[in-house]
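Letter by letter, the sequence shown follows residues 8 to 134 of our numbering.
Backbone N, C-alpha and C fix where the C-beta goes; we use that ideal spot for every residue, glycine too.
Source: prediction; values computed, not measured.
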Amino acid sequence: MFEATTQGIVVSVESRYLPEHSEPASERYVFSYTIRIVNQGKETAQLRRRHWHIMHGDGHKEEVEGPGVVGEQPRLEPGTGFEYTSGCVLRTPHGTMHGQYKMQRPDGSFFEAEIPAFSLSAPHALN
């Protein structure tokens, strides 16, 4: 598990290779990742946007930006959390992802909560 904390917002990530959806002969490696966001701070924060940096094992880079996560913009009161699972397709058997969530406070101010860098790796890919 990978974890980062920004202004009381704790983001933890676990990833998993999905061999049943992957096609190595076609350079298609599919991964899922589950993210848990917990507000351990004293102020409410709402997730407004996401910004991902995806690095394939061959050096190819991608960026993905957009509103919310999985169609939602969760509002996290102090002591509450939100969990979701999403996926990523790489053209190599290993890579990494990291990013930021744009969070908004009740007073209208914004800050970026770090999504920690985490690895995506098919079993035996590095042997």
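Under the three-state reduction of DSSP, which class applies to residue i: helix, strand or coil?
i	result
Pro-74	strand
Ser-33	helix
Pro-85	coil
Glu-50	coil
His-28	helix
Met-8	coil
Gln-111	strand
Skipping 5 residues on each side, what residues in its chain have a beta carbon closer than 8 Å to that of residue i?
i	result
Glu-72	Arg-56, Arg-57, His-58, Trp-59
Tyr-91	Thr-41, Ile-42, Val-76, Val-77, Glu-79
What are the residues that DSSP puts in a beta bridge with residue i?
i	result
Gly-102	His-63, Leu-127
Ser-93	Tyr-40
Kindly list the residues whose CB is nearer than 7 Å to the CB of residue i, restricted to its own chain and excluding five residues on each side of it in sequence; keep chain order.
i	result
Gln-107	His-58, Glu-119, Ala-120, Glu-121, Ile-122
State yes or no: is the C-beta of residue i within less than 8 Å of the C-beta of residue j?
i	j	result
Ala-129	Tyr-40	no
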